[in-house]
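Asker: According to my numbering, the sequence shown is numbered sequentially starting from 662. Have a look at this one before I ask anything.
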Amino acid sequence: MKLKERFIAYCSVPLAQSFKQFRLGAVLFFIGLLVVYLASQLLAPSLQQELATLAGLCVIAVGFAIAICAQMRMLASRLLAFWRKR
């Protein structure tokens, strides 16, 4: 399968599926923010606090990446639908 065909197949999924992916990314992002906040408020300055903050930052990064990929997928899907109507 050519790259163009794979891209079209990737973008041709229903928007509901892409929105679920976006929602997952947003939830992970905010869970990561919560972990970072709680680590700074509840833990005394120590290695344990730094590791908890690092874990929260990793969750934030994964959530952000998932949400951005879903957003780009939704945008590409809409552009593809617009170009197909022409």
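C-beta: ideal position from N, C-alpha, C; glycine also.
Residue 673 to residue 707, Cα distance in whole Å?
Answerer: 49 Å
Asker: Taking contact to mean at least 3 C-beta pairs separated by less than 8 Å, is the stretch 677 to 686 in contact with the stretch 704 to 720?
Answerer: no
Asker: Report the rounded CA-to-CA distance for residue 699 versus residue 722, giving the unit in angstroms.
Answerer: 17 Å
Asker: Given that a residue counts as buried once 16 or more other Cβ atoms are within 10 Å of its Cβ, and exposed if not, what is residue 726?
Answerer: Looking at its Cβ environment, which holds fewer than 16 other Cβ atoms inside 10 Å, residue 726 is exposed.
Asker: Ignore the nearest five residues each way along the sequence and tell me which others in residue 736's own chain have a CB closer than 7 Å to its CB.
Answerer: none
Asker: Starting from the C-beta of residue 689, find all residues in its chain whose C-beta is less than 7 Å away, skip the five residues before and the five after it, and write them out in chain order.
Answerer: 720, 723, 724 and 727
Asker: Give the DSSP-derived three-state secondary structure of residue 704 in the structure shown.
Answerer: coil
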